[in-house]
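Enquirer: Provided herewith is a single structure, encoded as structure tokens, for subsequent inquiry.
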Amino acid sequence: MTPTSGSTNWFRGAPWLAITIVVVAIMGLALAGGGAWLAALGGSVYYLIAGAMLLLTGWLLAIRRAEALWVYAVLLLGTMVWAIWEVGLDFWTLAPRGDVLAPVGAWLMLPFIASHLGPRWRIARRALGVVLIAAAIVLGVSLTSDRHDLTGTLAENETAGATTAPEPAEAPAAGNWTAYGGSGFGTRYSSLSEITRDNVKNLRLAWEFRTGDHKRPDDPDEITNQATPLKVGDLLYTCSPHQIVFALEAASGKLRWKFDPQVQHNKAFQHMTCRGVAYHATKPGAASADGAPAPSDCAERIFVPTNDGRMFALDAQSGKPCESFGQHGQIDLKEGSEVQTLGFYEGTSPPVVTDKVLIVGGAVTDNYSDRVPSGVIRGFDIYSGRLIWAFDAGNPDPNEMPSASHHFTAGSPNSWSISAVDENLGLVYVPLGSSSPDIWGGGRSPEKERYDSALVALDIMTGKLRWSFQNVHHDLWDMDMPSQPSLVDLRSNSGVTPAIYIPAKTGDIFVLDRRDGHQLVPAPEKQVPQGAAPGDRLSPTQPFSDLSFRPRAMLTDAQMWGSTMFDQLVCRIKFKRLRYEGPFTPPSEQGTLVFPGDFGMFEWGGIAVDPKRQIAIANPQSIPFVSRLVPRGKDNPAAPNATHPPGTELGVQPMYGAPYGVDLGTFLSPLGIPCLAPPWGNIAAIDLRTHKVVWQHRIGTIRDQAPLPLPFKLGVPMLGGPIVTAGGLIFITGTMDDYIRAFDVRNGRQLWQDRLPAGGQSTPMTYEAGGKQYVVTVDGGHGSFGTRLGDYVRAYALEKPSQR
19 MTPTSGSTNW FRGAPWLAIT IVVVAIMGLA LAGGGAWLAA LGGSVYYLIA
69 GAMLLLTGWL LAIRRAEALW VYAVLLLGTM VWAIWEVGLD FWTLAPRGDV
119 LAPVGAWLML PFIASHLGPR WRIARRALGV VLIAAAIVLG VSLTSDRHDL
169 TGTLAENETA GATTAPEPAE APAAGNWTAY GGSGFGTRYS SLSEITRDNV
219 KNLRLAWEFR TGDHKRPDDP DEITNQATPL KVGDLLYTCS PHQIVFALEA
269 ASGKLRWKFD PQVQHNKAFQ HMTCRGVAYH ATKPGAASAD GAPAPSDCAE
319 RIFVPTNDGR MFALDAQSGK PCESFGQHGQ IDLKEGSEVQ TLGFYEGTSP
369 PVVTDKVLIV GGAVTDNYSD RVPSGVIRGF DIYSGRLIWA FDAGNPDPNE
419 MPSASHHFTA GSPNSWSISA VDENLGLVYV PLGSSSPDIW GGGRSPEKER
469 YDSALVALDI MTGKLRWSFQ NVHHDLWDMD MPSQPSLVDL RSNSGVTPAI
519 YIPAKTGDIF VLDRRDGHQL VPAPEKQVPQ GAAPGDRLSP TQPFSDLSFR
569 PRAMLTDAQM WGSTMFDQLV CRIKFKRLRY EGPFTPPSEQ GTLVFPGDFG
619 MFEWGGIAVD PKRQIAIANP QSIPFVSRLV PRGKDNPAAP NATHPPGTEL
669 GVQPMYGAPY GVDLGTFLSP LGIPCLAPPW GNIAAIDLRT HKVVWQHRIG
719 TIRDQAPLPL PFKLGVPMLG GPIVTAGGLI FITGTMDDYI RAFDVRNGRQ
769 LWQDRLPAGG QSTPMTYEAG GKQYVVTVDG GHGSFGTRLG DYVRAYALEK
819 PSQR
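420 is the number that the numbering used here gives to position 402 of the sequence shown; each next residue is one higher, with no gaps.
Structure (structure tokens):
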């Protein structure tokens, strides 16, 4: 049946067909136009062909020919074959390639559409139906496996003897959690075992505390609560985004005391966060670093840094400032730095506490200017707050002390994350970032280059360098050392080796002997892309650890992703237009794909280590970034002004003092989801005897990020790390969906989860009080990460049998 020339409305009686024709034509034009662009860039020609077939389908529908269904069936069949050839039987990469085409195909089969297509429409409809059934079978098969999943189980003899292995020397006292990482070793391990794989399903909320500290109108966007509480004796110590410190009764969550430092702040700050506090107890007969007797006040101290550049010492029992420390309980961390702009130096992570020395680093404003405060690492007397030593990485003499004629070096590499300490060796292990601005290195001095994005091992008492290891040479990608390293005594037939595990943003985990820094796992130098922007330079090689979660192959446009074939097409076009030659492709005016991205495969959460079982738990993530150098001009002035204040780590960042600014952000589709196919986040176990990954699984759903609360387990980004317990469990909360989860350490199988009232972008902890084991999580969300904000501290414990 065809329209007649005398018809005033040839689709009279078939309005749905008319609408269908328009929709198919629009789809065809979009795919043909975008596909031609992609093909011209050297990408796949599929989209151009698919667009042409959709236009042909639309024309055949318009003239009411049953061949429209045949053409569409061929398009679906070809799409299925092409998709399997590109990505294999992987559901989450197959589905977007057909999630629009398949429903349209089903629509075309409906009688009120197909019956208008001539006398042979039933045969054509059956052919289309067969192809749709085949596509459904392929998708069903793809759901039965996950090629990104690594299934494995720790050998029984590796876990059965775990309880008889000696307790690690640096494990916290039973039932306590005395430092950010559990102890100074940063293992995030607890010897508690009341909660086990068998009974974890009975965990229930035991108590909840609300801090009352919420985002204020003059806060920056990146307001977060990333605290891991400490537990000592009968008290739990934590902090909130404005560095308010709370002491809670460990068994009940009732407030014992709180201290508000009255932090000065404004929207120009880059961060408003607190990752935790530090604890120190005076030993009998203790003396200060200069030999003076320890003061009588504050036998137990809580230290907290603030975002306005101060450090407080508080009495752990009362919360009152320790008068013997600094000026009435506080010291000014901006002192000694030439640049003292409020908010340019922020204490976001807890300091390292040793017997006599308090070791302090801090965050420095990124990518705003080359005139920013020094990132100097300092050692202060634990009792008086007197400056004992300095390690100023950008100074020719890094240990030079400040004086009337000398300030710390502006823009020295800083340590915004958490350090680890081995007091038996007399060493503190400090992860350093890069000089500011992070994305431009043309003006860096050789001194700043030495320890840029490196780990330095410093003498606790003097601050002098013992050894260093550089994770990235001449870092132009913000690939600083983000995580607290973990110290592990590796056991083997030949004895015990004191090791240090250093997670990096690149996805590498560098494994060194912590006594002298020599490599225990090879990290050979390999050639990397060249061609820096004019005025800058590049290192010809970079270290690549043999223990790594970084992708082994370069990205291709086939790995670009979207929720539909249309935004996937846009992502493929964007990918082909960017400069990308693999890891360490330099920043460019064209725009560079940075993968692993600036966000980092590892962040400040670090890894967790079970030193008795000799395993490590990691939560790597994969989010590409785009870095585009912006020459000076209207949108990027050469000097600060009111319309270009600091206070952001995304968008155009000015980098004053450099010939470029940088437009920096995640590589997203038009719908705001990553252009890289999932998983974006995993949880994995590493056997420390072999340094092989035993198992790896996706973690997290898009429930709280999708328009509809669909619990699809894609594997999502995280902020915060895991902990591991002697009970054979892993606990983690940092995913973009609001959950706390428990996993079986043997195989990574999820055993329990509970819904959180806000984002859990922190690392949990566990302790014992009144003979009961608790698991505590701080749930305050993360402003720029996009999770729900809140003010919760929540403790879980096993439900008593009588309560079930």
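Glycine is no exception: its CB is placed at the ideal position from the N, C-alpha and C atoms.
This structure is a prediction, so every number in the text was calculated from the model and none was measured.
#1: DSSP has Pro-561 in a bridge; who is on the other side?
#2: Between which residues of its own chain and Gly-799 is the CB-CB distance below 6 Å, once the five residues before and five after are set aside?
#3: Determine the burial state of Trp-458: buried for a count of at least 16 other Cβ atoms within 10 Å of its Cβ, exposed for fewer.
#4: Hey, how far is the Cα of Thr-196 from the Cα of Asp-164?
#5: Can you check DSSP and say which residues form a bridge with Phe-528?
#6: Is the separation between the beta-carbon of Ser-563 and that of Asp-526 shorter than 9 Å?
#7: Evaluate Trp-434 with the Cβ neighbour count: other Cβ atoms within 10 Å of its Cβ, from every protein chain shown; 16 or more gives buried, anything less gives exposed.
#8: Quick check on the DSSP output: the alpha helix (DSSP H) that includes Ala-305 runs from which residue to which?
#9: Excluding the five sequence neighbours on either side, which residues of its own chain have a C-beta within less than 6 Å of the C-beta of Thr-181, listed in chain order?
#10: Under 8 Å Cβ to Cβ from His-492, same chain only, skipping five residues before and after it: list those, please.
#11: Which residue from Tyr-401, Pro-414, Asn-413 and Gly-397 puts its Cα closest to that of Trp-407?
#12: Once you ignore the five residues that flank Tyr-785 on each side, which residues in its own chain have a CB closer than 8 Å to its CB?
#13: Who does Asp-628 pair with in a DSSP beta bridge?
#14: Once the 5 residues before and after Thr-559 are set aside, which same chain residues still bring their CB inside 8 Å of it?
#15: Leaving out five residues before and five after Leu-107 in sequence, what residues of the same chain have Cβ atoms less than 8 Å from its Cβ?
#16: Cβ atoms of Pro-605 and Ser-566: under 9 Å apart, would you say?
#17: Just tell me which of Trp-139, Trp-770 and Ala-331 has its CA closest to the CA of Ala-299.
#18: What did DSSP end up calling Leu-72 once you bin it into helix, strand or coil?
#19: Following the continuous beta strand (DSSP E) through Leu-445, name the residue where it begins and the one where it ends.
#20: Phe-215 to Trp-34, Cα distance in whole Å?
#21: Tell me whether Asp-756 sits in a helix, a strand or coil according to DSSP, three-state version.
#22: Skipping 5 residues on each side, what residues in its chain have a beta carbon closer than 7 Å to that of Phe-730?
#23: I'd like the span of the alpha helix (DSSP H) that includes Ala-43, first residue to last.
#24: Taking the C-alpha atoms as reference points, what is the distance between Thr-169 and Arg-716?
#25: Go ahead and label Glu-353 buried or exposed: buried means 16 or more other beta carbons lie within 10 angstroms of its beta carbon, across all protein chains shown.
#26: If you draw a straight line from the C-alpha of Gly-419 to the C-alpha of Val-375, how long is it?
#27: For Val-92, I'd like the list of residues in its chain whose CB is within less than 8 Å of its CB, leaving aside the five on either flank, ordered along the chain.
#28: Pick from Val-40, Pro-516, Leu-587 and Ile-349: whose alpha carbon is nearest that of Arg-115?
#29: Tyr-65 and Ala-50: beta carbons closer than 9 Å?
#30: Would you kindly work out how many angstroms separate the C-alpha atoms of Trp-139 and Tyr-90, rounded to a whole number?
#31: Give me, in chain order, the residues of the same chain whose beta-carbon lies closer than 7 Å to that of Gly-679; leave out the 5 immediate sequence neighbours on both sides.
#32: Specify the secondary structure class of Ile-349 as computed by DSSP and reduced to three states.
#33: Whose C-beta lies closer than 7 Å to the C-beta of Val-539 among residues of the same chain, with five residues either side of it excluded?
#34: Starting from the C-beta of Ser-133, find all residues in its chain whose C-beta is less than 7 Å away, skip the five residues before and the five after it, and write them out in chain order.
#35: Runs of 3 residues minimum, wholly inside the stretch 224-272: which ones carry the beta strand (DSSP E) assignment?
#36: So who's on the other strand from Leu-221, going by DSSP bridges?
Expert: So, from the listed chains and residues:
#1: Position 543 of the sequence shown, counted from the start, is the residue given in the question as residue 561. In the DSSP output, where bridge partners are listed per residue, Pro-561 has Glu-543.
#2: In the sequence shown, counting from the first residue as 1, residue 799 sits at position 781. Cβ within range, chain order: Ala-776, Gly-777, Thr-805, Arg-806, Leu-807 and Gly-808.
#3: Here residue 458 is taken as the residue at index 440 of the sequence shown, counted from 1. Buried: at least 16 other Cβ atoms inside 10 Å.
#4: Against the sequence shown, residue 196 aligns to sequence position 178. Against the sequence shown, residue 164 aligns to sequence position 146. Thr-196 and Asp-164: Cα-Cα distance of roughly 40 Å.
#5: Start at 1 with the first residue of the sequence shown, and residue 528 comes out as number 510. Bridge partners of Phe-528: Ile-520.
#6: As a working note, residue 563 is residue 545 in the sequence shown. As a working note, residue 526 is residue 508 in the sequence shown. Between Ser-563 and Asp-526, the C-beta spacing is below 9 Å.
#7: Position 416 of the sequence shown, counting from 1, holds the residue named residue 434. Result: buried.
#8: Here residue 305 refers to the residue found at position 287 of the sequence shown. Where Ala-305 is concerned, there is no enclosing alpha helix (DSSP H), given that its DSSP letter is neither H nor E.
#9: Here residue 181 corresponds to residue number 163 of the sequence shown, with the count starting at 1. Only weak support is given to the placement of Thr-181: the predicted model assigns it a pLDDT of 48, under 50, and the value that follows is read from those uncertain coordinates. Contacts found: none.
#10: Numbered from its first residue, the sequence shown carries residue 492 at position 474. Cβ within range, chain order: Gly-459, Arg-462, Glu-467, Asp-470, Arg-555, Leu-556 and Ser-557.
#11: Here residue 407 refers to the residue found at position 389 when the sequence shown is read from its first residue. Here the closest residue by C-alpha is Gly-397.
#12: Counting from one through the sequence shown, the residue named residue 785 turns up at place 767. Result list for Tyr-785: Gly-193, Asn-194, Trp-195, Ser-208, Leu-210, Lys-249, Leu-254, Ala-268, Gln-791, Tyr-792 and Val-794, in chain order.
#13: Numbered from its first residue, the sequence shown carries residue 628 at position 610. Answer is Ile-633, bridged to Asp-628.
#14: Here residue 559 refers to the residue found at position 541 when the sequence shown is read from its first residue. Correct list, in chain order: His-491, Glu-543, Lys-544, Gln-545 and Val-546.
#15: For the purposes of this step, residue 107 is taken as residue 89 along the sequence shown, with counting starting at 1. If we look at Leu-107 and ignore the five residues flanking it on each side, its Cβ neighbours are Val-156, Val-159, Ser-160, Ser-163 and Arg-165.
#16: On the sequence shown, residue 566 is found 548 positions in, with the first residue counted as 1. On the sequence shown, residue 605 is found 587 positions in, with the first residue counted as 1. No, these two residues do not count as a Cβ contact at 9 Å.
#17: Along the sequence shown, one-based indexing puts residue 299 at 281. Proximity to Ala-299 across Trp-139, Trp-770 and Ala-331 peaks at Ala-331, based on C-alpha coordinates.
#18: On the sequence shown, position 54 is the one that residue 72 refers to. Leu-72 falls in the helix class under three-state DSSP.
#19: Translated into the one-based positions of the sequence shown, residue 445 becomes position 427. Leu-445 -> beta strand (DSSP E) spans 445-449.
#20: Position 197 of the sequence shown, counted from the start, is the residue given in the question as residue 215. Position 16 of the sequence shown, counted from the start, is the residue given in the question as residue 34. Reading the sequence as shown, one finds Arg at residue 215 and not Phe. About 56 Å.
#21: Along the sequence shown, read from residue 1 onward, the residue named residue 756 stands at position 738. If DSSP states are grouped into helix, strand and coil, Asp-756 belongs with coil.
#22: If you number the sequence shown from 1, residue 730 lands on position 712. Answer for Phe-730: Thr-719 and Ile-720, listed in chain order.
#23: In the sequence shown, counting from the first residue as 1, residue 43 sits at position 25. Note, Ala-43: alpha helix (DSSP H), 33-58.
#24: Counted from its first residue, the sequence shown places residue 169 at position 151. Counted from its first residue, the sequence shown places residue 716 at position 698. Distance between the alpha carbons of Thr-169 and Arg-716: 11 Å.
#25: Indexing the sequence shown from 1 puts residue 353 at position 335. By the 10 Å Cβ count, Glu-353 comes out exposed.
#26: Residue mapping note: residue 419 aligns to position 401 of the sequence shown, counting from 1. Residue mapping note: residue 375 aligns to position 357 of the sequence shown, counting from 1. The residue asked about is misnamed: residue 419 is Met in this sequence, not Gly. If I take the Cα positions, the gap works out to 16 Å.
#27: As a position in the sequence shown, residue 92 is number 74, starting the count at 1. Excluding sequence neighbours, Val-92 sits near Met-71.
#28: Here residue 115 refers to the residue found at position 97 when the sequence shown is read from its first residue. Checking every option, the nearest Cα to that of Arg-115 belongs to Leu-587.
#29: Reading the sequence shown from its first residue, position 47 is the one you call residue 65. Reading the sequence shown from its first residue, position 32 is the one you call residue 50. Taking 9 Å as the cut-off, the beta carbon of Tyr-65 is found closer than this to the beta carbon of Ala-50.
#30: Mapped onto the sequence shown, residue 139 falls at position 121. Mapped onto the sequence shown, residue 90 falls at position 72. Approximately 13 Å, taken between the alpha carbons.
#31: As a working mapping, residue 679 is identified with position 661 in the sequence shown. The residues are Val-648, Asn-654, Val-670, Gln-671, Pro-672 and Met-673.
#32: Along the sequence shown, read from residue 1 onward, the residue named residue 349 stands at position 331. Residue state, collapsed to three classes: strand.
#33: The count along the sequence shown starts at 1 and reaches residue 539 at position 521. Cβ-Cβ distances below 7 Å link Val-539 to Val-529, Ser-563, Asp-564, Leu-565 and His-709 in the same chain, with the five nearest sequence neighbours on each side left out; the list follows chain order.
#34: Sequence index remark: in the sequence shown, residue 133 carries index 115 (1-based). So the list reads Trp-139, once near-sequence residues are dropped.
#35: 248-250, 253-257 and 263-267
#36: The residue given as residue 221 occupies position 203 in the sequence shown. Leu-221 is bridged to Leu-816.
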